[in-house]
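Residue numbers for the sequence shown follow UniProt numbering, beginning at 1 and rising by one. Here a beta-carbon is modelled for each residue, glycine too, at the ideal position from N, C-alpha and C. This report refers to the structure that appears directly beneath it.
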Amino acid sequence: MADDEGDVLYEGLLQLRFALSFQEYYGVFTDTGVLRLYADEASATARPGTTVKQTRVVKVKEWSGETMFGAHENSFKIVTQKGSEVPAAARNRIEGTLWVKSITAVTEPESHEGLKLQKHKRKAARALEKEKKRQEEYEARAKAHRALPTVPSGKPDVPPISYLTDPRRTRLDARNFPKYREHLKAHKIETRLTASLDEAKKEEEKKKKKSKRKKKGDDDDTDDVEAPTSDVPPPPPPTASSLAPLPAPGAIDFEMCAKFNNLLKLGLSHDEVKNFMTAEGHSPAVLDQTSQYLSQSSLAPPPSQTAEAPLKAPGSPLKKARKSRTPHGMPPPSQMTSAPAPGVEAPPPPPARKSLLDQIKSGFSFKKKS
Numbered sequence: 001m002a003d004d005e006g007d008v009l010y011e012g013l014l015q016l017r018f019a020l021s022f023q024e025y026y027g028v029f030t031d032t033g034v035l036r037l038y039a040d041e042a043s044a045t046a047r048p049g050t051t052v053k054q055t056r057v058v059k060v061k062e063w064s065g066e067t068m069f070g071a072h073e074n075s076f077k078i079v080t081q082k083g084s085e086v087p088a089a090a091r092n093r094i095e096g097t098l099w100v101k102s103i104t105a106v107t108e109p110e111s112h113e114g115l116k117l118q119k120h121k122r123k124a125a126r127a128l129e130k131e132k133k134r135q136e137e138y139e140a141r142a143k144a145h146r147a148l149p150t151v152p153s154g155k156p157d158v159p160p161i162s163y164l165t166d167p168r169r170t171r172l173d174a175r176n177f178p179k180y181r182e183h184l185k186a187h188k189i190e191t192r193l194t195a196s197l198d199e200a201k202k203e204e205e206k207k208k209k210k211s212k213r214k215k216k217g218d219d220d221d222t223d224d225v226e227a228p229t230s231d232v233p234p235p236p237p238p239t240a241s242s243l244a245p246l247p248a249p250g251a252i253d254f255e256m257c258a259k260f261n262n263l264l265k266l267g268l269s270h271d272e273v274k275n276f277m278t279a280e281g282h283s284p285a286v287l288d289q290t291s292q293y294l295s296q297s298s299l300a301p302p303p304s305q306t307a308e309a310p311l312k313a314p315g316s317p318l319k320k321a322r323k324s325r326t327p328h329g330m331p332p333p334s335q336m337t338s339a340p341a342p343g344v345e346a347p348p349p350p351p352a353r354k355s356l357l358d359q360i361k362s363g364f365s366f367k368k369k370s
């Protein structure tokens with residue numbers, strides 16, 4: 001302990017930070033570099049051997065004269081009597097774990113260090129007051145929130161969740177599809193879902209209407225044989241085609257020809273087409289005349305040939321034909337590459353154009369314009 005004893009450089013109150021907070025001690029600092037800290041002045045004078053904290057500040061042998069600490073940006077400096085400043089190294093500061101806030105501030109409040117310390121204290125007090133006020137506001141808000149009436153445990157009287165506007169909805173609502181559809185119908189909301197459903201319904205209605213129409217036509221045929229009863233509904237009004245007068249023997253209804261020809265192209269025989277169009281309400285006499293005209297003309301194959309080898313159906317009549325990729329104005333490839341009819345002779349191919357070399361060899365022949 002002989003090394004520790006020496007001339008006392010400073011003895012008095014110190015505000016030091018050994019850990020997280022600043023604490024006030026009674027310190028005794030000697031020129032050998034040993035700093036002893038006591039709880040208060042009484043304990044320092046009564047029991048000088050028992051210290052609260054004791055540390056050795058390095059490089060103390062180089063100091064001379066009256067020494068004091070000063071805190072500047074979390075580092076301390078040593079100020080000698082001559083006024084030269086020796087900053088402490090970071091290694092020493094970490095080893096000693098000692099930040100001396102101020103010595104002169106305790107004894108001389110009007111000094112530069114004392115003014116800095118008072119400013120620091122005021123700033124810390126303002127921060128503490130601000131935090132305290134914030135905490136009080138939070139407590140008041142929490143108390144007001146707890147005072148609000150609670151929702152009863154029963155079913156609350158609130159409107160149901162809207163599938164379109166409520167933010168609580170999730171992608172799982174799509175799995176609840178029937179309920180979603182009912183919701184859309186109830187609120188008369190048109191979306192992609194309802195639109196597609198309506199289109200499907202229209203197609204079903206079309207099919208139903210077509211089937212009813214055929215059945216009614218069949219009923220008309222049977223009404224001629226059996227007397228109508230009171231339960232059976234009255235027959236439908238005659239169609240425009242049945243009311244139209246019969247064409248003269250020389251005149252031909254070309255619209256009827258087109259319909260007849262289309263059905264023939266589907267692979268039906270003449271008799272089947274007649275039966276089908278008679279069921280639709282067309283006149284049998286007009287159909288016979290059209291069949292005879294088509295069988296004589298070269299537009300359609302004769303009925304015997306159609307019955308023997310029916311043509312292949314081009315596809316579903318309900319589907320749209322796929323657009324051809326041929327340039328505009330040119331016939332489709334099926335017509336371009338179709339083989340000529342067996343009875344009709346193919347026209348002779350055009351004469352081959354002479355190449356330039358052949359024309360040079362044979363000599364150019366110029367046709368004189370008359």
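With contacts defined as CB atoms closer than 8 Å, Leu-263 and Phe-254 fail to qualify as a contacting pair.
It is roughly 29 Å from the alpha-carbon of Leu-356 to the alpha-carbon of Ala-346. At the C-beta level, Phe-260 and Ser-295 stay beyond 8 Å of one another.
In the three-state scheme derived from DSSP, where H, G and I count as helix and E and B as strand, Lys-367 is classed as coil.
At a Cβ-Cβ threshold of 8 Å, Val-28 and Glu-11 count as neighbours.
Under the three-state reduction of DSSP output, Ile-252 falls in the coil class, being neither helix nor strand.
Straight-line measurement puts the Cα of His-120 at about 24 Å from the Cα of Glu-136. The beta carbon of Glu-131 is closer than 7 Å to none in its chain, skipping five residues each way along the sequence. In terms of Cβ geometry, Ile-252 and Tyr-293 form a close pair [threshold 8 Å]. Under a 10 Å Cβ-count criterion, Ala-44 is classified as buried, with 16 or more other Cβ atoms of the shown protein chains found around its own Cβ. Lys-361 sits in a helix when the DSSP states are folded into three classes.
Pro-284 and Lys-188 have their C-alpha atoms roughly 50 Å apart. The three-state reading of DSSP puts Lys-354 in coil, since its state is none of H, G, I, E or B.
DSSP places Ala-144 within a helical segment (H, G or I) once states are collapsed to three. Residue state for Lys-121 is assigned as helix, using DSSP reduced to three classes. Each residue's CA atom was taken as its position, placing Lys-133 and Ala-125 some 12 Å apart. Per DSSP, Pro-284 is one residue of the alpha helix (DSSP H) stretching across 284-296. Around the beta carbon of Tyr-138, a 10 Å sphere encloses fewer than 16 other beta carbons of the protein chains shown; the residue is thus reported as exposed. Closest option to His-270, judged by alpha-carbon separation, among Gly-281, Lys-209 and Asp-288: Asp-288. The beta carbon of Arg-122 sits closer than 8 Å to none of the beta carbons in its chain outside the five residues before and after it. DSSP, read as helix, strand or coil, puts Ser-43 in helix. In the structure shown, Leu-115 adopts helical secondary structure according to DSSP, grouped into three states. In the structure shown, Thr-278 adopts helical secondary structure according to DSSP, grouped into three states. A direct Cα-to-Cα measurement between Ala-352 and Lys-209 gives close to 59 Å. Straight-line measurement puts the Cα of Lys-206 at about 24 Å from the Cα of Leu-184. Under the three-state reduction of DSSP, Lys-188 is assigned to coil, being neither helix nor strand. Put simply, of Ser-365, Cys-257 and Tyr-26 the residue whose alpha carbon is nearest the alpha carbon of Ser-297 is Cys-257.
Arg-322 has its alpha-carbon roughly 32 Å from the corresponding atom of Gly-281. Distance from the CA atom of Gly-267 to the CA atom of Lys-274, rounded to whole angstroms, is 13 Å. Our two residues, Ser-362 and Pro-348, have alpha carbons roughly 25 Å apart in a direct line.
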